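For reference, the structure discussed in these notes is given below.
Number of protein chains: 2
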Amino acid sequence: MTASRRDHLVDTALSLFNRDGFHATGIDKILAEAGVAKMTLYNHFRSKEDLIAAALRRRDEELRDWFVAEVERRAKDPRGRLLAIFDVLDDWFSEPDFEGCLFLNACGEYHTQTHPIHRLCAEHKAEVHGYVRRLAKAAGAEKPGRLAKQLGLLMEGATVMAHAAGDTSPARQAKRAAEVLLKAAGIS
Amino acid sequence: MTASRRDHLVDTALSLFNRDGFHATGIDKILAEAGVAKMTLYNHFRSKEDLIAAALRRRDEELRDWFVAEVERRAKDPRGRLLAIFDVLDDWFSEPDFEGCLFLNACGEYHTQTHPIHRLCAEHKAEVHGYVRRLAKAAGAEKPGRLAKQLGLLMEGATVMAHAAGDTSPARQAKRAAEVLLKAAGIS
DNA sequence: CAACAGATAGACAGATCTGTCTATTTCGCA
DNA sequence: TGCGAAATAGACAGATCTGTCTATCTGTTG
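Protein chains in written order, with our numbering: chain L, 935 to 1122; chain Z, 935 to 1122.
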């Protein structure tokens, strides 16, 4: 029951952080929503910041697993997968609880580069970049690193614009741009 | 003295919101930093949210004026200006007080689409898009709206990646991608 | 000079925040 | 069944938050 209590806490915190933000979500709200006692929280985590870090780590796993699975389900060849990325984004943006990228939101609240939470976000982005880069390499891109970074810009740009404008169309605009970039990188 | 007192308050608030975020910046910190009495603030603004809105409006003006002036200083032809955008971003990312886009940060803290602060951010992005679109049209793009949206994704993507990674290189990556997109849009 | 609008300091209310402590209960497991 | 670890409710401290109020002072303008 210990592990599941902790998990439940992280789950609840994750969904509240996603919906309302980090500073705006108080410990008490998380505890009430989760139906967990305060000492249970402070038994598992040293501070709220620790809980935030745990929530981001879980989100990193959860999001990347889901994202990769969706991409690989939709296309079997590397080029198709690079483009499928943007279809998956489209689906993500359509979800009712889409509130932008939790990691970018976290960067917005914890600016300092050296802050542990900011670093977690940078690491998450680096992981995603690694995946795109592997796909780009498998697809035979001339410069896989460069292409992956460019596609990454489109992905992040689409995410923030979809959130700001409340509109999923950036996913499709990004996909069209990606097609152009793939061609230019020698991927047909 | 009235107007300057208000202006000073907005200036101070702007710089603290940019540095520390919105929820993390308390009224008292702003007042202490500005050397202004609390009643002066509540005489000019109905609430903290009002002050945030005023700060964002000022930032919108300030940023767009600066951005457009910088772009037009660097290049005289529309195509050159579309590319100069990314050089200006590079400069922006290099500034010591660069903390990402204040509007995206605000969206991250005020998620609800109907929230006045979120709407201000959407409006700011729409204004920027309008400028890029006019440049794209002047440059003879086949579909200026589409090109402007795609370039917008690169701009926003570069901004968030530069902030997350603490690295200005996304500006240059975005510029390379933009060159490809311009060519594809029939702009040489 | 007189009058008035605006700025000031600072107390204050009431809510909320993180984190600690205690005393009690629940639960798994031997 | 009984032990020990974990979870519980809730009081509590101390800080901080937004916003209000009052009483005083400053500065401009007629």
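Using N, Cα and C, we set each Cβ at its ideal position, and we do this for glycine too. The structure displayed is predicted, hence computed values, not measured ones.
### Sequence-distant residues of the same chain with beta carbon closer than 8 Å to residue 1045(L), five excluded per side
Counting from one through the first sequence, the residue named residue 1045(L) turns up at place 111. Within the same chain, residue 1045(L) has close Cβ partners 1052.
### Contact belief for residue 1085(L) with residue 1036(L) at Cβ below 8 Å, rounded distance in angstroms
Mapped onto the first sequence, residue 1085(L) falls at position 151. Mapped onto the first sequence, residue 1036(L) falls at position 102. In fact, because the Cβ distance is near 20 Å, the residues do not count as touching under 8 Å.
### Inter-residue spacing [alpha-carbon to alpha-carbon] between residue 1054(L) and residue 1000(Z)
Along the first sequence, one-based indexing puts residue 1054(L) at 120. Along the second sequence, one-based indexing puts residue 1000(Z) at 66. Counting only the Cα atoms, residue 1000(Z) lies some 33 Å from residue 1054(L).
### Query
Is the CB-CB distance between residue 1094(Z) and residue 1090(L) below 7 Å?
For the purposes of this step, residue 1094(Z) is identified with residue 160 of the second sequence, where counting begins at 1. For the purposes of this step, residue 1090(L) is identified with residue 156 of the first sequence, where counting begins at 1. Yes. Within cutoff.
### Task
Let me know the secondary structure DSSP gives residue 1030(Z) once reduced to three states.
The count along the second sequence starts at 1 and reaches residue 1030(Z) at position 96. If DSSP states are grouped into helix, strand and coil, residue 1030(Z) belongs with coil.
#### Entry: Partner residues on chain L for residue 1033(Z), Cβ-Cβ distance less than 8 Å
On the second sequence, position 99 is the one that residue 1033(Z) refers to. Result: 1045.
#### Entry: Pair within 7 Å by beta-carbon distance, residue 968(L) and residue 946(L)
Translated into positions along the first sequence, residue 968(L) becomes position 34. Translated into positions along the first sequence, residue 946(L) becomes position 12. Yes, the pair counts as a contact, with Cβ atoms nearer than the cut-off.
### Query
Nearest-angstrom Cα distance between residue 1080(L) and residue 1092(L)?
For this step, residue 1080(L) is matched to residue 146 along the first sequence. For this step, residue 1092(L) is matched to residue 158 along the first sequence. If you take the alpha carbons of residue 1080(L) and residue 1092(L), they lie about 18 Å apart.
### Query
Once you ignore the five residues that flank residue 1040(Z) on each side, which residues in its own chain have a CB closer than 7 Å to its CB?
Walking along the second sequence from the start, residue 1040(Z) turns up at place 106. In the same chain as residue 1040(Z), and ignoring 5 residues on each side of it, the C-beta atoms closer than 7 Å to its own belong to 956, 990, 1051 and 1055, in chain order.
### Task
Determine whether the Cβ of residue 1009(Z) lies closer than 7 Å to any Cβ atom of chain L.
For this step, residue 1009(Z) is matched to residue 75 along the second sequence. Not one chain L Cβ lies under 7 Å of residue 1009(Z).
#### Entry: Neighbour list for residue 1114(Z) in chain L, Cβ cutoff strictly below 7 Å
Translated into positions along the second sequence, residue 1114(Z) becomes position 180. The contacting residues are 1114, 1115 and 1118.
### Message
For residue 941(Z) and residue 938(L), what's the separation of their Cα atoms in angstroms?
### Response
Here residue 941(Z) refers to the residue found at position 7 when the second sequence is read from its first residue. Here residue 938(L) refers to the residue found at position 4 when the first sequence is read from its first residue. Cα to Cα, the separation comes out at about 52 Å.
### Task
Taking residue 1104(L) and residue 1096(L) to be in contact with their CB atoms under 8 Å, please state how far apart those CB atoms are, rounded to whole angstroms.
Reading the first sequence from its first residue, position 170 is the one you call residue 1104(L). Reading the first sequence from its first residue, position 162 is the one you call residue 1096(L). Yes, residue 1104(L) and residue 1096(L) are in contact; Cβ-Cβ is about 5 Å, under 8 Å.
### Amino acids of chain L, ordered along the chain, whose beta-carbon sits closer than 7 Å to that of residue 1094(Z)
Residue numbering aside, residue 1094(Z) sits at position 160 when the second sequence is read from its first letter. Per Cβ cutoff of 7 Å: 1038, 1090 and 1094.
### Task
Below 8 Å between beta carbons is the criterion; list the residues of the stretch 991 to 1017 of chain Z that meet it against any residue of chain L, in chain order.
none
### Query
Touch check for the stretch 1060 to 1079 of chain L and the stretch 1009 to 1029 of chain Z: three-plus C-beta pairs under 8 Å?
Contact between the stretch 1060 to 1079 of chain L and the stretch 1009 to 1029 of chain Z is absent, with fewer than three C-beta pairs closer than 8 Å.
### Task
Would you kindly report the start and end of the unbroken alpha helix (DSSP H) that includes residue 1107(L)?
For the purposes of this step, residue 1107(L) is taken as residue 173 along the first sequence, with counting starting at 1. Looking at the DSSP string, the run of the alpha helix (DSSP H) that includes residue 1107(L) is 1103 to 1118.
#### Entry: Proximity test, Cβ basis, 7 Å: residue 1023(Z) and chain L
The residue you call residue 1023(Z) lines up with position 89 of the second sequence. By this cut-off, residue 1023(Z) is not an interface position.
### Straight-line Cα distance separating residue 959(L) from residue 983(L)
Reading the first sequence from its first residue, position 49 is the one you call residue 983(L). Reading the first sequence from its first residue, position 25 is the one you call residue 959(L). Rounded to whole angstroms, residue 983(L) to residue 959(L) spans 12 Å at the Cα level.
### Query
chain Z beta carbons: is any one of them nearer than 7 Å to that of residue 1059(L)?
By 1-based counting over the first sequence, the position of residue 1059(L) is 125. It does: the Cβ of residue 1059(L) has a partner Cβ on chain Z nearer than 7 Å.
### Message
Could you compute how far the alpha carbon of residue 1066(L) sits from the alpha carbon of residue 1082(L)?
### Response
Translated into positions along the first sequence, residue 1066(L) becomes position 132. Translated into positions along the first sequence, residue 1082(L) becomes position 148. Residue 1066(L) and residue 1082(L): Cα-Cα distance of roughly 5 Å.
### Task
Report buried or exposed for residue 1098(Z), applying the criterion of at least 16 other Cβ atoms within 10 angstroms of its Cβ.
Residue mapping note: residue 1098(Z) aligns to position 164 of the second sequence, counting from 1. Under this definition residue 1098(Z) is a buried residue.
### Message
Output needed in chain order: residues of the stretch 953 to 970 of chain Z with a Cβ under 9 Å from some Cβ in chain L.
### Response
953, 954, 955, 956, 957 and 958
### Query
Which residues bound the alpha helix (DSSP H) around residue 1084(Z)?
Residue numbering aside, residue 1084(Z) sits at position 150 when the second sequence is read from its first letter. If you look at residue 1084(Z), you'll find it in the alpha helix (DSSP H) that goes 1078 to 1099.
### Task
Please name the residue, chosen from 992(Z), 1034(Z) and 1119(Z), that lies closest to residue 1100(Z) on a Cα-to-Cα basis.
Here the question's residue 1100(Z) lines up with position 166 in the second sequence. Of the candidates 992(Z), 1034(Z) and 1119(Z), the one whose C-alpha sits nearest the C-alpha of residue 1100(Z) is 1034(Z).
### Query
When DSSP labels each residue in this structure, what does residue 1035(Z) get in the three-state scheme?
On the second sequence, position 101 is the one that residue 1035(Z) refers to. Note: residue 1035(Z) maps to coil in three-state DSSP.
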